[in-house]
Amino acid sequence: MHIHFLDPYQGGHSPIHRTDARVKLVLSVGFILTTALIPIGVWPIYVLLFAMVISFVILSGVGVGYVLKRAALAFPFVLAALPLIFTTPGLQLFSLTLGTWEIPVTLPGVERFFSIALKSWISVQAAILLTATTQFPDILTAMRAVRVPRLLVAIIGLMWRYLFVLADEALRLIRARAARSGEAEIPGHRKGGRIAWRAQTAGGMAGNLFLRSIERSDRIYVAMLSRGYDGEVRSMPLPKLEASNWIELILGGGILILLVVLSLLIWE
Amino acid sequence: MHHSIEIEGLTFSYPDGHEALNDVSLVIKPCEKVALVGPNGAGKSTLILHLNGILSGSGSVRVCGMKVGKDTLGRVRAMVGLVFQSPDDQLFSPRVYDDVAYGPLYQGLPLQTVQERVEESLAAVAMSDYSQRISHHLSMGEKKRIAIATVLSMKPEVLVLDEPTAGLAPRARRSLINLLHELPLTMLVSTHDMPLVKDLFPRMVILDQGRVVADGPTSVLMEDKELLDAHGLERPF
Amino acid sequence: MHHSIEIEGLTFSYPDGHEALNDVSLVIKPCEKVALVGPNGAGKSTLILHLNGILSGSGSVRVCGMKVGKDTLGRVRAMVGLVFQSPDDQLFSPRVYDDVAYGPLYQGLPLQTVQERVEESLAAVAMSDYSQRISHHLSMGEKKRIAIATVLSMKPEVLVLDEPTAGLAPRARRSLINLLHELPLTMLVSTHDMPLVKDLFPRMVILDQGRVVADGPTSVLMEDKELLDAHGLERPF
Amino acid sequence: MLLSPVAMHIPDGFLSVLVSIVLWIVSIVIVGYALKRVGKDLGERQVPLMGVLAAAIFAGQMLNFAVAGGTSGHLMGAAIATILMGPWAAILIMTSVVSIQALIFQDGGLLVLGANIFNMAIVGVAVAYMAYRTVLRITGNVKRGILIGGFVAAWFSIEIASLSVAMQLVFSGTSPAKLAIPAMAGVHALIGIGEGLITVGALAFLLSARPDLVKFGGTRPIGGRLVWLVGLLVTLALVIASPLASTRPDGLEWVAKQNGFLETARGPLYRIIPDYLVPGISSEALATIAAGILGTAIVLGVSLGVAYSRRNRQTSGG
Ligand SMILES: Nc1ncnc2c1ncn2[C@@H]1O[C@H](COP(=O)(O)OP(=O)(O)OP(=O)(O)O)[C@@H](O)[C@H]1O
Ligand SMILES: Nc1ncnc2c1ncn2[C@@H]1O[C@H](COP(=O)(O)OP(=O)(O)OP(=O)(O)O)[C@@H](O)[C@H]1O
Ligand SMILES: [Mg+2]
Ligand SMILES: [Mg+2]
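Protein chains in written order, with our numbering: chain C, 1 to 268; chain E, 1 to 237; chain D, 1 to 237; chain Y, 1 to 318.
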């Protein structure tokens, strides 16, 4: 079984795919930071940010539909901001009546809510674009370049490698359980068992997975030792950033700073 | 009872678009024992997962005369015993007893019956002494037997096994083959173990790239060197 | 060069007291290819882990004329290439290239050499195009080959493999056998695959309960039905 | 959201920059310290063990059990990681899990990753450790104590971490306190029960299959007292502060302060760039139109660029 669907990378040869992962990581985070810095209700800048993301998505060729679909996955969290519409003080637009309750809807509330939702939506698209156009091992290299501790990078790299192996195992366990979750043709029997028993079974599956993982880590450790591992994390040196990479970084950074300044000017 | 399997025009693609089964049709009569062979990635496991509705493609799958679908899922799963390749995936409870009892407990049978079912099925695989053992500490061959017991306890009409002999030392393998030989059930077994096919299955089905490319008596197909070669198979010797 | 393995009076117990090897002695000459067989739990994997000092029992183990011990560990590990049963445990880096480069990198070789080593060893297993692939996207047979490349890149004198053919479909298995056949190295291979032993190894060693119970030409031992039976083995056909 | 069962991964855009950065700093310091600690305790073993266990926690989150009416119970894993590996290693494991979820699955944002690490890897683990140790202290290191401790640790880690999330949303002005806090606390009190049950199931499995793995019931990890204290303080602080915060009419005073900060930053900017340099753009309607035109231009330019590069490639490819 393969749970490749876990891997968001979409192969391709676009200029975005070919850009150095370090540049992409820094600019993506910079972009998200910029988005976060733009104050509430500065719509023109939001439009610009959105245009930027969509441009890059089109340029990358991963498909606008793909990005929008994945971006929708992060949407439920918007519920957390929804109450703002009703609770932010300010000019009342209209009010909803729910039974005996009168709930006022205010202009600043609506503005606040849509700003947050829009900023979040734009940011998530940037992150999706990053992962869809960058192989994870390259993101690991980029993490090293921005000085994430080597040890942590090594751990995360190993986790990523075994994610797919173990997710497959989990999937097989789930299938095995489903295969034995049958009903007899005896009317009047309550099928499925008690909740505590079902939880115990699921817990058993989790325990099983941990146990096998710990034992697997022993085997991996032996395999690493056999190839000279001594506890120190060593890796190929980072390739040098070329002049063109620096230009991309400076140009991108400049545009982002410009956007922040512009937004502060527009914001009233 | 109809302990039969009837598959008609089954086509299935994985969510990523990969077409794993392409217009597969296959009828297995009550108490027939059939081997399913083919190269890695042929679609054997995918086909097997359709037999109790874990996957569902277009086309029709009927088990024991019942069409596999949303509303029959529960009953179909009670009738088809699926044993996966790795017993480690099948045995998710700490103790052998809990695992063999899972199916009957899920069906909501009374405890008395559950108890009896567990004893019977452990006896059927000659592992009666093992009920209180911890599954994790058993040998591969023992685990395989217990895995079979976990589905026997559901009193299935049809037994479906995915690569039952993989990873077994010769003796454990032999003893498993003898066990399968004695179980009086309709059986569909996917395997790479060509000698096993020759020993145990009068009929074999060759799957390649999601299609049935041959279906007939083992004795005949095994002699067709060209056919076997074309699909990455080998004669037992 | 002495690409030899000399084991003398090796005895080993696991920390829980289980005695896994009992007075094992074995000499393998340069470029000899030897099969290690025996039932599950015989101690095959345990013996193999002694060859590069991951386990160490009493008795002496000499590899390429060097006694395996604390101070020779680094050099011994560079000379013995160990390939484990599951390639998933052996390929622990996200990308094929990183995995094959791992050994040379830890030996502290200059980058230029590391690069060359990677290319050579991928070429040796006929997987040159795979260096930028992601390990988990490979098929089982491909993974096995890459696993062998990861140790070839260390330019070992001795190759030790634990159950190399388990879980492979016939064609992938055949291609692996051909590959092993062509590698001009001293080789010790633990396996349950008796036809493989017959095809590839002129000499076989039978281990049972931690002891060497037979050691001789494969053609002779394979005929001794009683011996094989007594140790849970079977003739290939 | 698809893969993470618990609505606890904050996406980008929901936390203010100030809150995000403060929590990044706190998380970096604590994770850095944990790296050192674990390095000392485990040495060479740590990379394979931490990496594989992190993957196991991730995969374990896929396992669920039906509760009722189509809902299901899930595992988050901070408690079980803490109980199996001790607090420092658990912090690293959960940090890896949360990072991968953000980096690959957009489950949680990048700018707010520091906050998500803080909530799930640091608060979750410290609280789980505190609860587990406390229960074991009372019951003694027996099987029943371990199981009860597992349940309590799992429930507390979920509940307190969710309060931490709620407070951050309130401080960022994203969610009003009087709704966010009770809602988060209520939902996660239920989710916590699922987490607790499944954690107990996993512990029961491990206790019968490999009791030696459920180890630190007996031996205390180094620095455990510190974690216990931190866990206790975090729990107390959140348990006391949340009801207080949720009785305020709104949590926006703090937000107003942050906006004031931006306002003061804007003052000098206006002085540097006088109004006449960007004539008309101070009018919002015009600005929106300008942005729209500029945006369209960008998209158009890029599309043309793509078409051009495609054609180039095709001609060069033959
Ligand atoms: N979850 C999945 N998503 C996408 N493709 C899959 C998935 N599982 C299997 N496949 C693909 O479907 C095809 C059939 O796979 P299947 O596992 O049925 O083969 P098989 O005949 O059982 O092979 P093997 O002998 O190796 O077990 C393969 O090409 C495989 O790569
Ligand atoms: N870590 C361990 N602790 C205790 N006992 C062990 C350990 N590993 C293996 N053993 C025991 O040592 C004996 C030899 O095991 P080993 O893995 O070497 O067998 P093997 O010949 O490789 O078997 P197989 O063919 O199943 O791989 C077995 O009885 C096994 O149970
Ligand atoms: Mg299969
Ligand atoms: Mg072994």
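Ideal Cβ placement from N, Cα and C applies to all residues, glycine included.
Is residue i near ligand 2, going by C-beta to nearest heavy atom under 7 Å?
i, result
"Ser45(D)", "yes"
"His50(E)", "no"
"Asp16(D)", "yes"
"Asn40(D)", "yes"
"Ala20(D)", "yes"
Closer than 7 Å to a non-hydrogen atom of ligand 3 - does that hold for the CB of residue i?
i, result
"Asp162(E)", "yes"
"Ser190(E)", "yes"
Taking the continuous beta strand (DSSP E) assigned at residue i, which residues delimit it?
i, result
"Asn22(E)", "19-28"
"Gly216(E)", "211-217"
"Ile5(E)", "5-13"
"Leu207(E)", "203-208"
"Lys33(D)", "33-37"
"Gln92(C)", "92-98"
"Leu188(D)", "186-190"
Consider the C-beta atom of residue i and the heavy atoms of ligand 1; say whether any pair is separated by less than 7 Å.
i, result
"Ala170(C)", "no"
"Ala179(C)", "no"
"Ala354(C)", "No answer is possible for residue 354(C): it lies beyond the span of chain C, which begins at 1 and ends at 268."
"Ala169(D)", "yes"
Quick one: give me the first and last residue of the alpha helix (DSSP H) that residue i is part of.
i, result
"Asp168(C)", "150-179"
"Arg70(C)", "64-73"
"Lys108(C)", "The residue asked about is misnamed: residue 108(C) is Pro in this sequence, not Lys. Taken as a continuous stretch (DSSP letters only), the alpha helix (DSSP H) holding Pro108(C) covers 107-133."
"Ala169(E)", "Here Ala169(E) belongs to no alpha helix (DSSP H), and DSSP marks it neither H nor E."
"Met194(E)", "194-200"
"Ile191(Y)", "177-209"
"Trp267(C)", "First-last for Trp267(C): undefined, no H or E at that position."
"Phe136(C)", "136-145"
"Met224(C)", "195-226"
Query raised in the report: the stretch 11-29 of chain D: which residues have C-beta closer than 9 Å to a C-beta of chain E, in chain order?
Result: Among the residues of the stretch 11-29 of chain D, none has a Cβ less than 9 Å away from any Cβ of chain E.
Report task. Scan the stretch 160-172 of chain D for residues whose Cβ lies nearer than 9 Å to a Cβ of chain E and list them as they occur along the chain. Result -> Cβ contacts with chain E come from Glu163, Ala166, Gly167, Leu168, Ala169, Pro170, Arg171, Ala172.
Requested in this report: With 8 Å as the C-beta to C-beta threshold (strictly closer), list the residues of the stretch 120-143 of chain C near chain D in chain order.
Outcome: Here the close residues are Gln135, Phe136, Pro137, Leu140.
Query raised in the report: Of the residues that make up the stretch 90-103 of chain C, which ones have a beta carbon closer than 8 Å to any beta carbon in chain Y?
Result: If the cut-off is 8 Å between Cβ atoms, the stretch 90-103 of chain C has nothing near chain Y.
Query - Contact residues within the stretch 163-185 of chain C, judged by C-beta distance below 8 Å to chain D - result: For the stretch 163-185 of chain C, which is checked against every Cβ of chain D, the residues closer than 8 Å are Phe164, Val165.
Query raised in the report: At a Cβ cut of 8 Å, what residues of the stretch 206-230 of chain C count as close to chain D, listed as they run along the chain?
Result: Answer in chain order: Arg216, Arg219, Ile220, Val222, Ala223, Met224, Leu225, Ser226, Arg227, Gly228, Tyr229, Asp230.
Report task. Select from the stretch 58-72 of chain C all residues with a C-beta closer than 8 Å to any C-beta belonging to chain Y, and list them in chain order. Result -> Look at the stretch 58-72 of chain C: the residues with a C-beta under 8 Å from a C-beta of chain Y are Ile58, Leu59, Gly61, Arg70, Ala71.
**Report entry** Ranges of the alpha helix (DSSP H) found wholly within the stretch 129-167 of chain E, counting only runs of at least 4
**Finding:** Whole alpha helix (DSSP H) segments, 4+ residues: 140-152.
Query raised in the report: Going along the stretch 97-113 of chain D in order, which residues come within less than 8 Å of chain C, judged by CB to CB distance?
Result: Those would be Asp98, Ala101, Tyr102, Gly103, Leu105, Tyr106, Gln107, Leu111, in chain order.
Query raised in the report: What alpha helix (DSSP H) runs, 4 residues minimum, are completely inside the stretch 9-73 of chain Y?
Result: The DSSP assignment places 17-42, 46-60 as complete runs of the alpha helix (DSSP H) inside the stretch 9-73 of chain Y, in order along the chain (cut-off: 4 residues).
**Report entry** Inside the stretch 49-126 of chain E only - beta strand (DSSP E) runs reaching at least 3 residues
**Finding:** Taking only runs of at least 3 residues, the beta strand (DSSP E) segments lying wholly in the stretch 49-126 of chain E are 58-63, 80-83.
Query raised in the report: Quick one, which residues of the stretch 198-211 of chain Y are near chain E if we go by CB-CB under 9 Å, in chain order?
Result: Correct list: Ala204, Phe205, Leu206, Leu207, Ser208, Ala209, Arg210.
Query raised in the report: If contact means a Cβ-Cβ distance below 7 Å, which residues of the stretch 126-159 of chain E contact chain Y?
Result: Of all residues in the stretch 126-159 of chain E, Ile134, His136 have a Cβ within less than 7 Å of some Cβ in chain Y.
Report task. Please list the residues of the stretch 45-64 of chain E that have a C-beta atom closer than 8 Å to any C-beta atom in chain C, keeping them in chain order. Result -> Taken in chain order, the members of the stretch 45-64 of chain E whose beta-carbon sits within less than 8 Å of a beta-carbon on chain C are Ser45, Leu49, Asn52, Ile54.
Query raised in the report: At which residue ranges does the stretch 112-152 of chain Y contain complete alpha helix (DSSP H) runs of 4 or more residues, listed in the order of the chain?
Result: Every alpha helix (DSSP H) of 4 residues or more that sits fully in the stretch 112-152 of chain Y is shown, in chain order, as 113-116, 124-139.
Query - Chain-ordered residues of the stretch 100-134 of chain Y with a beta carbon less than 8 Å from chain C - result: Residues are counted here when their Cβ sits less than 8 Å from a Cβ of chain C; for the stretch 100-134 of chain Y these are Ile100, Ala102, Leu103, Ile104, Phe105, Gln106, Asp107, Gly109, Leu110, Leu111, given in chain order.
Query raised in the report: Along the stretch 64-97 of chain E, what residues have a CB closer than 8 Å to any CB found in chain Y?
Result: The stretch 64-97 of chain E vs chain Y, Cβ under 8 Å: Ser93, Pro94, Arg95.
Report task. Identify each residue in the stretch 156-175 of chain Y for which the Cβ-Cβ distance to at least one residue of chain C is less than 8 Å, and report them in chain order. Result -> Only Leu169, Gly173, Thr174, Ser175 from the stretch 156-175 of chain Y bring a Cβ to less than 8 Å from some Cβ of chain C.
Query raised in the report: According to a CB-to-CB cut-off of less than 8 Å, which residues of the stretch 213-237 of chain E neighbour chain D?
Result: Those residues of the stretch 213-237 of chain E placed with their C-beta closer than 8 Å to a C-beta in chain D are Gly232, Leu233, Glu234, Pro236, Phe237, ordered along the chain.
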